[in-house]
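In order, the protein sequences belong to chains A and B. Following our numbering, the numbering of the first sequence begins with 17 at its first residue and continues without gaps. Following our numbering, the numbering of the second sequence begins with 380 at its first residue and continues without gaps. In this text, a Cβ means the ideal position worked out from N, Cα and C, and glycines have one as well. The structure appears below as structure tokens.
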Amino acid sequence: MTSLKGFFRGRTAIQPIWVFVLVIFIFFSFMSEYFLSFGNISNILVQTSTIGLIALGMTLVMINGNIDLSVGATLGLAASLAVGLQETSMTLAILAALGSGVLLGAINGLIVWKTGVNAFIVTLGAMLGIRGLIFLYTGEQSFYALNFAFSDFGTSTIGPFPVLAIIFLICTLIMHLVLTRTGHGRNTYAVGGNPEASIDAGIRLGRHMMINFIIVGFFAALAGVMLASQMGAATPNLGRDYELWVITAVVLGGTKLTGGYGSIVGTLGGVLAIGILRNGMNLMQVPAFYVLVILGAILISVLVIDKKLNAPSAKEVRI
Amino acid sequence: MAFAEQSKSNLPAGKLSKASVMSFLSAQGILIFFLVGMFVFSFFSEQFLSQSNIMTVVRQASIIGIIAVGVTVVIIGGNLDLSVGSMLSFSTVLVVDLHDKVGPTTAILMMFALTLMLGAVNGILIGFLRLNSLIVTLAMLSAIQGFVLIYSGGQNVDIANQDGTWFAFFGRGYLGGIAVPILLFGLLAILVQVVMSYTGYGRRIFAVGGNPMAAVYSGIRKNWCVFSTYLISAFCVACAALVLGSRVMGSQNNVGQGYELLVLAGIILGGTSLLGGAGSIWKTVIGVLILGFIQNGLLLMGYPYYIQWIVTWVIIILAVWLDLANKRKRLLTTHS
């Protein structure tokens with residue numbers, strides 16, 4: 017029992033978002049007869065696995081005090097590589113896709129580390145540039161997966177559980193452990209909370225930033241491969257606006273843009289809140305555009321509540 | 380920034396030493412880059428420097444430019460505005476849709492009123508409730524896009540009688556041989572630049588962006604200043620929507636998607652810091668024009684359109700890096 021308590025201790029105090037998740041879960045269970053079924057719940061997990069995976073990496077980057085706007089484009093490039101290179105070799109295609117994510121993350125991290133340019137600017141440029149690389153590689157064409165093993169993977173299950181949802185949950189657990197149980201996780205909080213103090217404490221600031229950018233790049237690429245296998249195809253515009261969804265999920269989960277504060281448990285709540293809201297409103301036959309308005313309203317309410325709960329501090333929020 | 384320039388001008392005008400030439404070169408890096416780029420492009424393509432081509436580029440850049448003027452003011456005030464893309468969709472759809480229903484004049488007035496209202500919502504949330512501008516405008520980006528889709532029912536809108544309306548003036552018209560979008564862009568840029576550098580209001584915005592705490596202690600009503608920057612930004616978006624709607628005479632309901640980031644790219648290229656308290660409209664105008672000329676020049680050289688994105692990536696990072704290195708050097712020399 018103590019070990020279980022220890023598992024949830026520290027920075028992973030219950031985030032308000034989980035109350036919200038619970039409320040909308042109960043709400044939709046009453047409103048729609050189809051909502052509360054095993055099939056639908058696992059469906060929600062599969063649908064959110066793409067945004068969820070990237071949000072895991074983004075949480076680390078944002079706790080670190082940075083931000084990554086290029087994840088949508090990284091996802092698109094990985095998806096195109098995974099489908100486009102299949103003719104030569106399946107293993108090679110997936111390795112190349114994941115490798116591209118790691119490489120692009122490393123480039124972003126290296127630039128932030130070595131030049132000191134704001135991560136917002138670096139990844140904004142990368143967002144444009146990587147989208148250009150996708151168009152260059154695909155020649156503006158959509159690719160279709162001819163290898164059925166690839167497209168079957170997206171719909172396959174282990175027992176009754178969909179594989180994509182299992183991958184997402186396992187990654188969530190791993191990242192939670194990385195953040196709460198390793199030196200890298202601790203230093204990530206330290207660097208985001210007070211960069212000067214962490215330099216004085218002998219923490220190698222740049223390396224931790226770069227590792228976190230590599231992690232988010234890898235997860236974006238993994239999400240791209242999974243999305244491509246779900247659709248059996250990859251389009252050059254895949255992943256556009258995903259960065260905005262991901263940041264929304266992470267912020268809903270209570271991670272602060274200023275850095276130094278946040279948790280994977282909170283992020284999981286944010287991701288599920290978006291997933292349940294989209295799914296439940298679909299089942300209630302509300303047009304998809306209302307979700308956009310409601311999400312915006314929730315995001316602002318979370319900020320207002322957060323402001324009211326936490327006493328105003330002298331530290332101004334800066335980008 | 381403004382103070383630094385002032386103190387520099389008080390120095391006695393020395394002779395043109397090598398050091399002062401170098402410091403001029405590094406301070407005006409982006410302008411020099413712009414001119415060199417123009418030279419290279421004109422070397423590869425004969426049409427590039429023709430008057431008609433330059434006019435075309437400036438005209439295409441004018442929509443992003445008009446929005447960028449407003450967003451620059453927000454950034455100088457120490458905040459960000461990501462909602463301008465959705466707001467552009469909103470205003471364009473609104474003005475085009477209302478044009479056939481209530482007539483051009485009323486449509487334009489209503490569009491301006493509603494766009495300013497959205498700006499006021501941003502301003503209240505960020506100025507008075509002091510919420511984080513990045514997240515608030517991100518939320519507004521999503522919410523406004525939702526409003527557009529609900530309003531239009533997912534349909535695209537257009538104007539039925541395209542030849543018989545004076546509404547065409549803003550996007551397609553000419554005044555004294557210059558296209559109206561260019562005139563609007565130039566006029567707004569000059570107006571805002573004058574306000575920012577020669578009025579007390581402009582100085583207060585710089586103060587709020589540079590050091591909010593000090594600004595409040597010197598009696599500046601910070602909340603009102605921040606609030607007003609979002610009204611300026613919304614006003615610029617409304618002007619851009621006027622040009623865009625009148626140019627196309629119709630609108631897709633996501634026409635402004637992605638504009639917020641292109642606008643930011645232009646501003647960053649110009650050299651305005653995202654930290655606030657520094658920057659100028661001139662720099663932004665140059666940054667936006669560079670984006671436009673890169674696109675045009677690469678197309679004329681025969682490269683596909685997406686190559687410009689890769690080039691922009693490299694240039695943005697190089698520009699900001701050089702700017703940073705330059706400032707760091709200046710800091711070191713003043714301290715030693």
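- Counting along the chain, the unbroken alpha helix (DSSP H) around D168/A starts and ends at 164-169.
- Only those residues of the segment 503-518 of chain B whose C-beta falls short of 9 Å from the nearest C-beta of chain A are listed: L504, L508, R509, L510, N511, S512, L513, I514, V515, L517, A518.
- Across the structure, T204/A and L221/A are spaced so that their CA atoms are roughly 9 Å apart.
- Look at the segment 106-135 of chain A: the residues with a C-beta under 7 Å from a C-beta of chain B are I127, T131, G132, V133, N134.
- With a 10 Å radius around the Cβ and a threshold of 16 neighbouring Cβ atoms, N501/B comes out buried.
- Using a Cβ-Cβ distance cut-off of 8 Å, the segment 433-444 of chain B and the segment 629-646 of chain B are in contact, since at least three pairs of beta carbons, one from each stretch, lie closer than that value.
- By the C-beta criterion, the segment 584-599 of chain B is judged to be in contact with the segment 651-660 of chain B, since at least 3 inter-stretch pairs fall below 8 Å.
- In terms of Cα proximity to E639/B, the closest of F418/B, M519/B, F423/B is M519/B.
- Selection L562/B, G565/B, G598/B evaluated against G579/B yields G598/B as nearest (Cα-Cα).
- Judged by beta-carbon spacing, A249/A lies beyond the 7 Å limit of L114/A, meaning their Cβ atoms are not closer than that value.
- One thing to note: S317/A has its Cβ no nearer than 7 Å to the Cβ of S245/A.
- Below the 7 Å Cβ cutoff, chain A contributes no neighbours of Y577/B, its closest Cβ being approximately 28 Å away.
- In terms of beta-carbon proximity, V267/A lines the interface with chain B, with at least one pair separated by less than 7 Å.
- Contact annotation, V128/A with V138/A: C-beta distance approximately 5 Å; criterion of less than 8 Å satisfied.
- In its chain, beyond the 5 residues on either side, I446, V450, S612, V616, Y638, E639, V642 have a beta carbon closer than 7 Å to the beta carbon of V463/B.
- Residue contact check for I33/A against chain B: no CB pair falls below 7 Å.
- In summary, the residues of the segment 640-671 of chain B whose CB is separated from some CB of chain A by less than 7 Å are L640, L643, A644, I647, L653, L654, in the order they occur in the chain.
- For the segment 598-618 of chain B, the set of positions with a beta-carbon nearer than 7 Å to some beta-carbon of chain A is empty.
- Shortest Cα-Cα distance from V559/B to any of I673/B, G416/B, C618/B, L497/B involves C618/B.
- For T264/A, the C-beta contacts it makes with chain B under 9 Å involve I514, L517, A518, S521, in order along the chain.
- Note on geometry: alpha-carbon atoms of S521/B and V309/A lie some 6 Å from one another.
- DSSP, read as helix, strand or coil, puts T173/A in strand.
- By the rule that beta-carbons nearer than 7 Å mark a contact, L493/B does not touch chain A.
- DSSP places Y553/B within a strand segment (E or B) once states are collapsed to three.
- At a cut-off of 7 Å between C-beta atoms, L101/A does not count as an interface residue with respect to chain B.
- At a Cβ-Cβ threshold of 7 Å, M489/B and L477/B count as neighbours.
- For the 7 Å CB-CB criterion, A142/A and V241/A do not form a contact.
- If you look at T485/B, you'll find it in the alpha helix (DSSP H) that goes 483-502.
- By the C-beta criterion, the segment 658-674 of chain B is judged to be in contact with the segment 688-707 of chain B, since at least 3 inter-stretch pairs fall below 8 Å.
- Judged by their CB atoms, I529/B and V515/B are not nearer to each other than the 7 Å cut-off.
- Of all residues in the segment 669-700 of chain B, those with a C-beta nearer than 9 Å to a C-beta of chain A are P683, Y684, Y685, I686, Q687, W688, I689, V690, T691, W692, V693, I694, I695, I696, V699, W700, reading in chain order.
- Taking C-alpha positions only, F229/A is separated from F549/B by approximately 45 Å.
- Contact check for L508/B and K323/A: beta-carbon distance about 7 Å, within the 8 Å limit, so the pair qualifies.
- Along the segment 275-308 of chain A, going in chain order, the ones with a CB nearer than 9 Å to a CB of chain B are P303, A304, F305, Y306, V307, L308.
- The distance from the Cβ of V287/A to that of A94/A is about 19 Å, inconsistent with a contact at the 8 Å cut-off.
- For R438/B, the uninterrupted alpha helix (DSSP H) segment begins and ends at 430-455.
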